[in-house]
Structures are given as structure tokens and as C-alpha cells.
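**Student:**
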Amino acid sequence: MAEKICAICGQRRYPHEAQTNEMVAQAARLPGIGPQVWRMVWPDITASDCQLCGNPLVFRACRTGADWVLTCPAGHVARQAEHKPGGAPGQWSRATADDYKREVREGLIVPAGIGAPFPHRGTIRDTRRPAGVPDAMWSKGRPTEWFS
Amino acid sequence: MVQLTVPQVDRYRLDHDVPCTLVTDQGDATDVYVKAYPSLGDDFVVTAADAPVRTTPSVLNSLAGALRRYSLSTDQRRLLCDIATRLWWRLPWDQVPAVYAPARALVRPVAYHCGWDHPA
Chain A
58 MAEKICAICG QRRYPHEAQT NEMVAQAARL PGIGPQVWRM VWPDITASDC
108 QLCGNPLVFR ACRTGADWVL TCPAGHVARQ AEHKPGGAPG QWSRATADDY
158 KREVREGLIV PAGIGAPFPH RGTIRDTRRP AGVPDAMWSK GRPTEWFS
Chain B
10 MVQLTVPQVD RYRLDHDVPC TLVTDQGDAT DVYVKAYPSL GDDFVVTAAD
60 APVRTTPSVL NSLAGALRRY SLSTDQRRLL CDIATRLWWR LPWDQVPAVY
110 APARALVRPV AYHCGWDHPA
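Chains as they are written, first to last, in my numbering: chain A, 58 to 205; chain B, 10 to 129.
#1: Would you mind telling me which residues of chain A sit closer than 8 Å to ALA45 (chain B), beta carbon to beta carbon, in chain order?
#2: Name the residues in the stretch 110-122 of chain B whose C-beta lies less than 8 Å from a C-beta of chain A; which are they?
#3: With DSSP as the reference, please indicate the residues paired to TRP125 (chain A) in a beta bridge.
#4: Run through DSSP, which three-state label would SER150 (chain A) get?
#5: Going along chain B, which residues have a C-beta under 9 Å from SER105 (chain A)?
#6: Near ALA85 (chain A), what residues of its chain come up, given a Cβ to Cβ distance below 6 Å and the 5 sequence neighbours on each side ignored?
#7: Whole angstroms is fine: what's the gap from VAL62 (chain B)'s alpha carbon to VAL18 (chain B)'s?
#8: Against chain A, with Cβ distances strictly below 9 Å, would ALA107 (chain B) count as a contact?
#9: Looking at chain A, is there any beta carbon in it that lies within less than 9 Å of the beta carbon of TRP125 (chain B)?
#10: Mind checking LEU76 (chain B): buried by the 16 CB within 10 Å criterion, or exposed?
#11: Relative to the alpha-carbon of LEU114 (chain A), which residue among A:THR121, A:ARG120 and A:ARG96 has its alpha-carbon at the smallest distance?
#12: For chain B, check one thing: does any of its Cβ atoms lie closer than 9 Å to the Cβ of ARG136 (chain A)?
#13: So who's on the other strand from THR33 (chain B), going by DSSP bridges?
#14: Closer than 8 Å, Cβ to any Cβ of chain B: which residues of the stretch 72-102 of chain A, in chain order?
#15: Just to make sure I have the definition right: I need the residues of chain C whose C-beta is within less than 8 Å of the C-beta of PRO66 (chain B). Which are they?
#16: Identify every run of the beta strand (DSSP E) within the stretch 77-111 of chain B, keeping only runs that are complete inside it and at least 3 residues long; order them along the chain.
#17: Starting from THR64 (chain B) and walking both ways along the beta strand (DSSP E), at which residues does that stretch end?
#18: Write down the C-beta distance between VAL32 (chain B) and THR65 (chain B) rounded to the nearest angstrom, noting that I regard them as a contact closer than 8 Å.
#19: Considering only residues of the same chain and omitting the five flanking positions on each side of TYR21 (chain B), which have a CB-CB separation below 6 Å?
#20: Using DSSP with H/G/I as helix, E/B as strand and the rest coil, what is VAL116 (chain B)?
#21: Comparing alpha-carbon positions, which option in A:ARG136, A:HIS73 and A:ARG159 lies nearest ALA60 (chain B)?
#22: Tell me, to the nearest whole angstrom, how far the beta carbon of VAL116 (chain B) is from that of THR83 (chain B); I am working on the premise that it is less than 8 Å.
#23: Output the distance between the C-alpha atoms of ILE102 (chain A) and ALA64 (chain A), rounded to the nearest integer angstrom.
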């Protein structure tokens, strides 16, 4: 969404979150108060070093992956956060059937129930019923990859 | 050919084995990634453990509370006020009362004036 500028006073009424994210990362680099910036996003964090390698953690704003990550020079991610202010749409990323299976197994997503179609935004559905899949299960048009 | 997709917070969680905190005022991850797309129906919910939510007022209140213990330089204060003001502009109006006085003090007065007095 484009930034809206007030026609009367020139205020940016809809500042873009990408620049805000960068500014937060800039504030996180200020000497002394940096960890306070981390804690506004993750209030429970107490460590300032990587729990895996002991290197100091750094707060970064990223253009790929999560908007904010707390990571060490070795690339271990201690925390991550996505910034979705008002009006910012949720986005979806590529996945495999194994990803779905893992998410369901680990309880990250909870399917609404048997017979409900799995998420398929951007999916081209194959309407052919795979061999061995009961017609009743296929009636909602589940992606064939799920059964492979 | 089938291309499956997952909410980005789930993708990041799978990639790094760390929950992805969602800083939003649009509800929880299910609201942002599922209910916002009516064509998806109610296929599934994203669990809170996968994507814990921090609201913008809670972020601003935490920042303001922590900064009260610090003496900020002019440049530091300018940067933090700019951040607070940008976050405040994207805050839904019905959640403005959840921003406490110390956090409101970080928001530039000209933004308040514009927000309340100038027609959108």
C-alpha cells in the first residue's frame, strides 16, 4: 500500500513498515539501549549471547525471511519476528507436503477437520482422484501431493 | 502440478525451529493468514506457540518503560520518536487508548494533531 501524505501538513499518515523495520534495527544498534529494543519485541529475552556458540547476538532487519531476527555471526537464529501493522496483508511461502505433515505433527497448525481442504492459495488443483484414495476423501479436492 | 503454500510465519518456524513472533494489531496469526482470505474458509488455525503475538501498544509501552531509565542524546531520542510515531500511525484507532502516557510521549505531537484534526 502506498504511503499517504496529509494534504494539509505533509505528515506521512501511512509510513511503510519496511523502513520502520530498518529504523528499529538501527535503534537496536545504539550503544547501551540496544537490548531494550530487543525486549520491546521479545520481552522475555535475557541472554545477549548465542546459546549455541556464545557469540554476541545482533538484531537485524531482513528483506528476506522474518522482518526482524536476533542472530549471531555464525547464523544461529535465537529469535525472529514478523511485523504486520494495520493494513499489511499476510503472505504465504512455498511448502511441500512434508512441511504440512511436520506442521500438523508438531501442532503448529491444526486442520479444521476431516474432509476440509488443505490450504491451497496459489495452488493449481489436480482434480483427478489418485489411485487408492477413497472418493469420499477426494470430494473436496485435496492436492494429490498430500497423498504421495 | 501442485504448489503448496504455508503462512510465512510457519515457513520461518520450520526453517529455524524458532517460533516467529507476530507484531500486529490484526488479531492472531490465524486472523492474519487465514481469516483475512475468505476463499480459504476455516481450513486450519495457526497455533499461538508457533506465532506468539505482540501488539503495537505493548511494543510501544515496553519501549517507553525501558527508556525511562536511560538518558538519551538528541539523536537517539529523535530516532526513537520517529519509530514510535511511525508505529503509532499504523495503529488502528480503537487501540490508541492502549498506548500509555510514557509511550504517547514518544509520538510526535504534530502526528497527534494531524491524526485528530486533519481529515483523511
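Every residue gets a Cβ at the ideal spot worked out from N, C-alpha and C, and that includes glycine. Predicted model only: the values in this text are computed from it and were never measured.
**Tutor:** Taking the structure as given:
#1: Correct list: PRO146 and GLY147.
#2: VAL119, ALA120 and HIS122
#3: A:ALA118 and A:ALA138
#4: strand
#5: Within 9 Å Cβ-Cβ: nothing; SER105 (chain A) doesn't reach chain B, min ~14 Å.
#6: Cβ-Cβ distances below 6 Å link ALA85 (chain A) to GLY91, VAL94 and PHE116 in the same chain, with the five nearest sequence neighbours on each side left out; the list follows chain order.
#7: 11 Å
#8: Chain A, which has no Cβ nearer than 9 Å to the Cβ of ALA107 (chain B), makes this no.
#9: no
#10: Under a 10 Å Cβ-count criterion, LEU76 (chain B) is classified as buried, with 16 or more other Cβ atoms of the shown protein chains found around its own Cβ.
#11: A:ARG96
#12: For ARG136 (chain A), at least one C-beta of chain B is nearer than 9 Å to its own C-beta.
#13: A:LYS141
#14: Taking 8 Å as the upper bound on Cβ-Cβ separation, chain B lies near residues PRO72, GLU74, GLN76, THR77, MET80, VAL81, GLN83, ALA84, LEU87, GLY89, ILE90, GLN93, VAL94, ARG96, MET97, VAL98, TRP99 and PRO100 of the stretch 72-102 of chain A.
#15: Of the chains in the structure shown, none is chain C; the protein chains are A and B.
#16: none
#17: In the DSSP assignment, THR64 (chain B) falls outside any beta strand (DSSP E), carrying neither H nor E.
#18: 7 Å
#19: CYS29
#20: coil
#21: A:ARG136
#22: So it is not a contact: roughly 17 Å between Cβ atoms.
#23: 42 Å
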